[in-house]
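Counting with mature numbering (1 follows the signal peptide of the UniProt record, and there is no 0), you get residues -15 to -1, 1 to 207 for the letters of the sequence shown.
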Amino acid sequence: MQLFSLLTLAAAATASPALFGQPMTKIAGVEVIDTQIVRDAQAMIKQFPDYLYSHQMRSWLFGAAMINANATLRKNIDLEVHAIATMLHDLGWDMTPGSRWVSSDKRFEVDGAIGARTWLSEHPIGKYWAKDRVRKVFQAIALHGSGSIVDYFELEEAVIVQSIGQDYHGPVNGVSQTSYDAIAKQFPQTELLSGTNDTFVWLAATKPSTTWGKSISRPAFT
């Protein structure tokens, strides 16, 4: 993916503004936004199995490290949009019987996008988000399984997809190996491949028509 082909003046001009002056904290040595809605998203995904919770947290943190390493991204990325999209991107992987996030007929990416949009609409802060912010969350999640397509969308969506991809393919675009390893130490990757495989098997068994074109490549950390 040619993420930084998007780092043009035109893209920067149309990207959502960064949330300057917002509270920040550090997780696994990475500075991240620390607003109430972001904390609530973290709390919500803790209900999922460890492999899924850790994958979603790593996706956020790898992306935050990438943003922190690039002045253009720091200036232009909406940190709440990035945080919510990366942490909620795999709601469609919830294997809980009767899960509200999983449909019988949609790809898991679409389930995740709809789920994140629903979560925002029900959140006391998220329900007041501008439509454009919600749209970016929805589109990035819906497209996160099709990395080559997202290059043609907006900067935030490309960054979100690349943030998620780092969990499988290793650090990119300014993320140091030291930072990557620190994140993986706090949120271990040991069950990522098996958990992903089990989820795809479950999806193929429960709604096979939605799983064409899905495969798993060995992650960079193995």
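Think of the CB as a built atom: it goes at the ideal place given N, C-alpha and C, for glycine as much as any other residue.
Contact under 7 Å by Cβ, residue i with residue j
i, j, result
"Y38", "I30", "yes"
"L128", "V135", "yes"
"A125", "A70", "yes"
"A167", "A13", "yes"
"M72", "Q41", "yes"
"R24", "F172", "no"
"residue 209", "E141", "Here the chain has residues from -15 to 207 only, and residue 209 is not among them."
"T184", "W86", "no"
"K11", "S89", "no"
6 Å Cβ shell around residue i - same chain, five flanking residues per side excluded
i, result
"M80", "W187"
"N55", "G159"
"T196", "L188 and A189"
"L58", "I52"
"E139", "none"
"K112", "S106"
"V15", "L46, A49 and A50"
"G130", "E94"
Beta bridge counterpart(s) of residue i as assigned by DSSP
i, result
"T163", "In the DSSP output, where bridge partners are listed per residue, T163 has none listed."
"M9", "I18"
Residues near residue i by beta carbon distance below 8 Å, same chain, minus five either side
i, result
"M(-15)", "Its pLDDT being 44, under 50, M(-15) is placed unreliably in this model, and the value from its coordinates should be taken loosely. Contacts found: G132, S133, V135, D136, A143, V146, Q147 and G150."
"D75", "L37, H40, Q41, F93 and G97"
"Y165", "F47, A50, Q151, G155 and P156"
"W114", "L105"
"R102", "V119, V122 and F123"
"H108", "I22 and D25"
"W45", "V17, H67, A68, T71, M72 and S148"
"residue 221", "With the chain represented from -15 up to 207, any question about residue 221 goes unanswered, as that position is not in the structure."
Close-in-space but distant-in-sequence residues of the same chain around residue i (CB under 7 Å, 5 per side omitted)
i, result
"E176", "D35 and Y36"
"Q162", "P156"
"residue 209", "For residue 209 there is no data in the structure shown, the boundaries of the chain being -15 and 207."
"K91", "T195"
Contact test: residue i Cβ vs the ligand NAD heavy atom, cutoff 6 Å
i, result
"A70", "The ligand NAD is not part of the structure shown, which contains no ligands of any sort."
Pairs of beta-carbons, one from the region 80 to 98 and one from the region 51 to 66, closer than 8 Å: are there three or more? no
Quick one: any contact between the region 14 to 25 and the region 55 to 66, if contact means 3 or more CB pairs under 8 Å? yes
Could you give the uninterrupted runs of the alpha helix (DSSP H) lying entirely in the region 83 to 163, keeping only those of 4 residues or more? 93 to 107, 116 to 127, 132 to 135 and 140 to 154
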